[in-house]
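Protein chains in written order, with the working numbering: chain Y, 3 to 458; chain R, 3 to 458.
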């Protein structure tokens with residue numbers, strides 16, 4: 003059973019049905035952060051569970067957590083000598099606003115040219131379906147798998163995997179595995195299969211500045227009362243210096259220096275500045291000048307304002323001093339930084355810098371630390387081989403700017419390392435309007451995953 | 003006809019009906035800045051016109067402008083030897099959001115204790131009705147007025163009197179008057195009748211910062227693309243120095259120095275810092291330390307953020323770099339500053355300070371310059387005498403932080419100076435939730451205005 007050919011034939015013969023099934027899943031608006039989508043979250047979990055049952059997985063169950071359920075399933079028929087591969091996925095997606103920038107309904111998966119458009123098509127419903135279809139192809143062709151598998155498909159990745167750590171802790175025995183295949187990281191380009199060896203962590207904050215007890219007339223009180231929107235702007239502006247370096251006290255203390263070898267690896271995967279500008283539409287690049295853009299997203303922590311609101315934002319004008327102002331802030335963390343420490347650093351910054359003319363309140367969402375994965379493991383070798391067979395070239399190894407809490411939690415709570423890959427492309431507009439999936443790459447991805455399971 | 007006693011008796015006998023009529027006007031949601039209230043604006047204008055007709059005014063008409071109509075009316079039966087007093091008012095009100103902070107429906111005028119609650123009760127429907135009722139009392143008691151009057155009641159004061167200047171220019175002859183009684187300025191306290199001798203001007207701006215073509219994934223692009231919300235915060239923060247001084251180039255060039263006499267006048271009307279803190283609920287006062295709070299609102303220009311919005315402001319979190327960020331800004335101007343010059347100064351600031359990593363766009367609303375009125379005129383003397391008779395004390399003379407475009411426009415286009423007064427109190431919550439009118443003061447105001455017309 004070392005030959006994937008029957009399974010690969012099955013993949014090619016069933017591609018059109020695979021795509022139809024992906025469209026079904028994309029059509030379920032499983033936005034985990036919005037409570038009005040709670041029923042959709044359940045529907046998406048049930049869809050995944052039904053798929054796992056349909057491809058012969060055993061013990062498939064939808065397991066409740068504090069918020070959105072985890073879908074579990076397993077097939078352990080390969081015996082104790084074969085490795086046990088956990089397959090991770092998430093069935094939740096980001097919100098879709100601003101909706102008016104979408105060219106088609108984000109929850110009506112639409113094929114146009116080489117792309118499937120829809121929220122979650124790339125991040126990561128396409129990847130979840132690719133994993134399921136690879137396993138289906140092997141099960142339907144050979145009647146069994148070359149390895150044992152365990153599925154862990156959560157519904158809270160886009161909100162920081164809030165309940166996953168507790169879930170893993172509680173179900174450590176059930177989740178025991180040699181490693182975890184996590185296809186939630188992307189590729190560098192359609193012709194560059196990629197294995198990700200590092201991920202940034204994430205910390206979430208909400209900073210609320212209050213001043214007067216209510217909105218004030220700006221003529222009657224302007225010049226005597228510190229405007230909370232201005233005070234917030236002052237606090238936010240001070241969080242970076244002129245070179246884009248973050249000023250929170252101690253923020254860079256644990257950030258590792260890049261080795262010469264690491265900088266060379268980064269160089270190999272670096273997109274050109276021109277490509278980055280075209281991809282984003284920004285007028286110029288920005289950030290710490292002593293690092294290249296790919297180093298800044300891969301190996302440097304960040305602090306971003308994700309949202310900001312204060313006062314009158316309707317049509318026309320209203321001459322007030324707003325009573326309050328709010329910013330949503332998140333930090334991408336690199337190895338050895340922790341969300342708890344960053345919260346302390348942010349509080350220290352606010353204590354040092356917030357004036358007595360306003361009050362401030364900081365709340366924190368659940369975050370996760372960063373991860374570095376060894377590039378030399380059984381899983382990485384099996385996947386590299388599968389990529390080489392599929393694309394005809396060795397994969398790139400890169401460190402990603404994104405954050406996947408599950409990676410940290412599995413490592414910490416169950417001792418399971420993650421093998422990070424995926425078939426999303428930088429230009430897929432994930433988290434943005436008009437998210438899309440490059441279908442030729444997706445199809446290659448299914449083939450590559452199919453091959454991967456035979457490489458042990 | 004130098005005796006106001008019959009008219010004053012009429013005022014006292016009809017107070018309860020006067021209040022009912024004020025409640026009718028407050029119940030019309032005439033929010034000039036929101037297009038969905040266009041029909042309500044028309045209703046409010048019609049209500050005012052019907053009142054003027056009802057009290058014997060001639061030639062009453064609702065005159066269209068580019069947006070909301072002006073109500074005009076006159077009574078010129080006092081003859082050429084008597085002065086002609088224009089009476090100014092505005093029937094439009096500020097928006098009511100945040101609605102959840104109102105204890106009662108803002109458009110259902112509610113009496114509680116000594117107060118009438120409702121949007122516009124103090125600013126300035128209460129003042130408009132007070133003027134109408136004073137004239138009604140004289141007309142109904144004496145059958146004529148001691149002076150000629152012309153009414154100018156506009157519907158765009160809260161949006162910067164956008165079309166009023168053009169209207170005055172076109173109707174200069176119709177609007178010819180010796181001076182204008184404008185009761186849109188307030189009192190210092192319920193026992194301190196006040197005549198305002200200075201007003202600040204107003205300039206409105208909207209600053210929009212754009213960066214990437216769409217919201218970006220903060221993991222994929224954080225650290226390489228300048229976050230527009232951060233860039234906006236940086237630009238806004240830089241508009242004041244640490245002492246609350248505005249940094250726009252040339253902003254203070256034309257600002258007059260305060261004379262010793264002026265500073266003494268300010269001292270007389272200065273509320274205590276404790277009173278200001280209680281009034282506003284702010285934790286501390288703020289602003290240029292070399293000036294007192296009442297000097298800062300009366301004689302110093304300001305720059306305020308009235309509103310600010312960017313990115314994801316819903317429930318939970320969304321890890322994006324927002325595509326754009328917007329701030330609504332207004333400046334209160336002092337004599338010799340002009341909105342046009344301030345716009346140039348703001349543009350110069352942005353040109354100097356906006357980085358190349360973002361794009362910015364500034365739009366301006368219609369503004370007005372500041373006004374200073376002579377404290378020694380026929381009108382001021384007549385009003386001071388009426389206040390003394392009503393309150394038993396001489397009025398205070400003060401310079402106000404607010405802005406009334408009509409004052410500037412009447413001066414510039416028709417050569418008519420304004421006599422600024424009013425019966426609103428600092429704690430009336432104008433432009434804020436739970437706006438209210440202090441009824442005992444309002445009733446005294448009607449008496450004082452009645453007496454005023456006999457003092458020529």
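Idealized CB from N, CA, C, for every residue including glycine. Here the structure is a predicted model, which is why all the values come from computation and not from measurement.
For this session: Note down the Cα distance separating residue 321 (chain Y) from residue 396 (chain R), rounded to an integer number of angstroms.
Result: Taking the Cα positions, residue 321 (chain Y) is about 32 Å away from residue 396 (chain R).
Exercise. In chain order, what residues of the same chain have a beta carbon less than 8 Å from the beta carbon of residue 116 (chain Y), not counting five sequence neighbours either side?
Worked result: 440, 441 and 442
Exercise. Under a Cβ-count criterion, where at least 16 other Cβ atoms within 10 Å of its own Cβ denotes burial, should residue 42 (chain R) be classed as buried or exposed?
Worked result: buried
Exercise. From which residue to which residue does the beta strand (DSSP E) around residue 331 (chain Y) run?
Worked result: 326-335
For this session: Say whether chain Y places a C-beta atom closer than 9 Å to the C-beta of residue 119 (chain R).
Result: no
For this session: With DSSP as the reference, please indicate the residues paired to residue 30 (chain R) in a beta bridge.
Result: Paired residue(s): none; residue 30 (chain R) is not in a bridge.
Exercise. Residue 249 (chain Y) CB to nearest chain R CB: under 9 Å?
Worked result: no
Exercise. Near residue 67 (chain R), what residues of its chain come up, given a Cβ to Cβ distance below 6 Å and the 5 sequence neighbours on each side ignored?
Worked result: Cβ within range, chain order: 165 and 169.
For this session: Report the three-state DSSP secondary structure of residue 161 (chain Y) (helix, strand or coil).
Result: helix
Problem set entry | Where residue 311 (chain R) meets chain Y, residues with beta-carbon distance less than 7 Å | 310, 311 and 315, listed in chain order.
Exercise. What did DSSP end up calling residue 292 (chain R) once you bin it into helix, strand or coil?
Worked result: coil
For this session: Determine the burial state of residue 186 (chain Y): buried for a count of at least 16 other Cβ atoms within 10 Å of its Cβ, exposed for fewer.
Result: Counting of Cβ neighbours within 10 angstroms places residue 186 (chain Y) among the buried residues, the total reaching 16 or more.
For this session: Note down, in chain order, all residues in the region 214-229 of chain R with a beta-carbon under 8 Å from any beta-carbon belonging to chain Y.
Result: 214, 215, 216, 217, 218, 219, 220, 221, 222, 223, 224, 225, 226, 227, 228 and 229
For this session: Mind listing the chain Y neighbours of residue 433 (chain R)? Cutoff is C-beta to C-beta under 9 Å, in chain order.
Result: 217, 218, 219, 220, 221, 222, 320, 321 and 322
Exercise. Residue 450 (chain R): which of R:177, R:379, R:150 and R:197 sits nearest, CA to CA?
Worked result: Looking only at R:177, R:379, R:150 and R:197, the smallest Cα-Cα distance to residue 450 (chain R) is reached by R:197.
For this session: Note the first and the last residue of the continuous alpha helix (DSSP H) segment covering residue 245 (chain Y).
Result: Residue 245 (chain Y): not part of any alpha helix (DSSP H); DSSP gives it neither H nor E.
Problem set entry | Extent of the continuous beta strand (DSSP E) run through residue 304 (chain R) | 304-313
Exercise. Which value, in whole angstroms, describes the spacing of the CA atoms of residue 445 (chain R) and residue 431 (chain R)?
Worked result: Each residue's alpha carbon lies about 19 Å from the other.
Problem set entry | Residue of R:158, R:174, R:52 and R:182 minimising C-alpha distance to residue 149 (chain R) | Nearest of R:158, R:174, R:52 and R:182 to residue 149 (chain R), Cα basis: R:182.
Exercise. Can the beta-carbon of residue 375 (chain Y) be found less than 9 Å from the beta-carbon of residue 458 (chain Y)?
Worked result: no
For this session: Run down chain Y in chain order and give the residues with a C-beta less than 8 Å from the C-beta of residue 428 (chain R).
Result: 222
Exercise. Any C-beta of chain Y sitting closer than 9 Å to the C-beta of residue 332 (chain R)?
Worked result: yes
Exercise. Can you list, in chain order, the residues of its chain whose CB lies under 8 Å from that of residue 251 (chain Y), leaving out five sequence neighbours each side?
Worked result: Counting only Cβ-Cβ distances below 8 Å, and skipping sequence neighbours, we find 347, 350, 351 and 354.
For this session: Could you have a look at residue 177 (chain Y) and say whether DSSP puts it in helix, strand or coil?
Result: In the structure shown, the three-state DSSP call for residue 177 (chain Y) is coil.
Exercise. Rounded to the nearest angstrom, how far is the Cβ of residue 246 (chain R) from that of residue 289 (chain R), given a contact under 8 Å?
Worked result: Confirmed, Cβ separation roughly 5 Å.
Problem set entry | Residue nearest to residue 142 (chain Y) in terms of C-alpha spacing, selected from Y:209, Y:56 and Y:291 | Y:56
Problem set entry | Cα-Cα separation, residue 25 (chain R) to residue 314 (chain Y) | 27 Å
Exercise. Do residue 403 (chain Y) and residue 424 (chain Y) have their CB atoms nearer than 9 Å?
Worked result: no
For this session: Mind listing the chain R neighbours of residue 288 (chain Y)? Cutoff is C-beta to C-beta under 7 Å, in chain order.
Result: 226, 227, 228 and 359
Exercise. Can you list the beta strand (DSSP E) stretches of 3 or more residues lying completely in the region 376-428 of chain R, in chain order?
Worked result: 398-401 and 420-422
Exercise. Should residue 419 (chain R) be labelled buried (16 or more other beta-carbon atoms within 10 Å of its own) or exposed?
Worked result: buried
Exercise. Under a three-way DSSP split, which group does residue 62 (chain Y) fall into?
Worked result: strand
Exercise. What are the partner residues of residue 126 (chain R), as DSSP defines its beta bridges?
Worked result: For residue 126 (chain R), which the question treats as bridged, DSSP gives no partner whatsoever.
Exercise. Under 9 Å between C-beta atoms, does residue 241 (chain Y) make it to chain R?
Worked result: yes
For this session: May I ask you to list the residues that DSSP assigns as paired with residue 366 (chain Y)?
Result: Y:207
Problem set entry | Minimum C-alpha distance to residue 338 (chain R) - residue among R:373, R:212 and R:384 | R:373
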